[in-house]
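Number 37 in numbering that gives the first Met the number 0 belongs to position 38 of the sequence shown; there are no gaps in the numbering. No residue lacks a Cβ here, since even glycine has one placed at the ideal position from N, Cα and C. All of these numbers come straight from a predicted model, not from anything done at the bench.
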Amino acid sequence: MSSLLLVDSPAGVGYSYSENEDDYVTNDTIRVLDLYDFLSKWFAEYLEFLSNPFYIAGCSYSGVIVPVLAQEILKRNEDGGVRKINFKGYSLCNPAVDVEIENNAFVPYAFRMGLISDELYQDLVSTCNGKYWNNKVPSCLANLDQFHKQISGINMEHILCPPCSYQMGITKEASEEYDFGQMFELISESSEYGLECNNQELVLEKLFDTNSSREKLHAKPIEISKKWKRCPSYIQYKRDIPTLTEYHLNVTSKGYRLFLYSGDHALLVPFSATLEWLKRLNYKEIEKWHPWFVEKQIAGYSVRYENNILFATIK
């Protein structure tokens, strides 16, 4: 039997809060230290869980946080902390790992999925020379502007779904400097979208902000923890770790397990970007690219690398 510990992070997200308003100005490094502090205090209170195998999991922007937290746990364990967390590995879904790799993956992925024309793609290749992030060439920027217009109505999280309550999109400015922490925009307080939408943050806000939900989940009253929000506007967040490849190397080279999985229709962090930074780890493939099945139906494809790394796509 396994136990699942869900953490709202950083302070201000979901039911989490701080009594110090300065804590709402934060970044990746501070967030990792806060998470380690939380884990340390949690295990101190629930010692019966300390010896259990411990895995960390996260999705999307958590790709920036999880490997750094994993390294922090290992460092504290090696430093002879009072309570050693029995860390075994980590898992990430469509993870943000490298700003440059992910931004440069948008255009090729959009072309491969039929979202932009052949003509525009060829113009982008010739004017941007494969560099679509932080490119200052005027002709490249002009073509990127056309690119943004052609994908402006696409749900970045799943290109086959309608844009729902939260839409993550690329702006012209983001073609020069893309920041995942700035990509969330609440479209409307009164959503016009129905239950066919797969990301129903507005529904969750209404559900979790009721007094009965707060009581059942032992959350603080709204006067203390504020309104339940996925990404509250009062949090001032800065990404200060642009690439995570070094952290992945540090952790996986010691044999700790890493399971990565990506939806093959996610444009926000394309699966091709994940494969690109995986290749840069220079680990040998021990299982070549092959399909995996659910009830004799292809559910996606996977590849396995040395040092206990498994990557899979999900259709």
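Close Cβ partners of residue i (< 6 Å) along its chain, the five nearest in sequence each way excluded
i	result
Thr-209	none
Cys-92	Cys-58 and Tyr-260
Val-24	Gln-235
Leu-123	Val-106 and Asn-142
Tyr-255	Gly-88
Ile-72	Ile-84 and Phe-86
Pro-269	Ala-104 and Tyr-108
Ser-301	Trp-291 and Ala-311
Pro-231	Gly-11
Asp-22	Ala-10
Sequence-distant residues of the same chain with beta carbon closer than 7 Å to residue i, five excluded per side
i	result
Tyr-54	Lys-87, Gly-88, Tyr-89 and Ser-90
Leu-38	Ile-84
Met-112	Ile-158
Tyr-246	Pro-66, Val-67 and Gln-70
8 Å Cβ shell around residue i - same chain, five flanking residues per side excluded
i	result
Tyr-16	Ala-10, Lys-219, Ile-223, Ser-224 and Lys-225
Tyr-14	Asp-7, Phe-207, Arg-213, Leu-216, Ala-218, Lys-219, Ser-224 and Trp-227
Lys-283	Tyr-304 and Glu-305
Sheet register partners of residue i (DSSP bridge)
i	result
Ala-311	Tyr-260 and Ser-301
Arg-236	For clarity, residue 236 is Tyr in the given sequence; the question names Arg instead. Answer by DSSP bridge pairing, in chain order: Thr-25.
Phe-37	Paired residue(s): none; Phe-37 is not in a bridge.
Gly-88	Tyr-54 and Arg-256
Phe-292	Ile-297
Glu-284	Tyr-304
Thr-242	Asp-97
Of the residues the options, the one placed nearest residue i, counting alpha carbons only
i	options	result
Asp-27	Thr-312, Pro-241, Val-268 and Ser-125	Pro-241
Phe-258	Pro-231, Phe-110 and Leu-277	Leu-277
Val-12	Ile-221, Gln-145 and Lys-253	Ile-221
Val-31	Pro-162, Cys-230, Lys-74 and Gly-152	Lys-74
Leu-309	Lys-295, Ser-232, Thr-273 and Glu-294	Thr-273
Glu-99	Val-293, Cys-139 and Glu-275	Glu-275
Tyr-60	Phe-48, Glu-101 and Arg-82	Glu-101
Nearest-angstrom beta carbon gap, residue j and residue i [assumed within contact, 8 Å]
i	j	result
Val-250	Ala-69	5 Å
Pro-107	Ser-271	7 Å
Trp-291	Gly-299	6 Å
Asn-103	Lys-130	6 Å
Cys-127	Asn-133	Contact flag wrong, Cβ pair sits at about 11 Å.
Gln-145	Leu-119	6 Å
Pro-162	Gly-152	7 Å
Asp-97	Leu-243	7 Å
Lys-295	Asp-263	19 Å between Cβ atoms; not a contact.
- For the segment 51-81, list the beta strand (DSSP E) runs that are entirely contained and at least 3 residues long, ordered along the chain. Secondary structure within the segment 51-81: the beta strand (DSSP E) runs of 3 or more consecutive residues, fully enclosed, are 53-58 (chain order).
Practice prompt. Could you pull out every unbroken alpha helix (DSSP H) segment of at least 4 residues lying fully inside the segment 103-167, listed in chain order?
Written response: For the segment 103-167, whole alpha helix (DSSP H) runs of length 4 or above, ordered along the chain, are 117-127 and 137-149.
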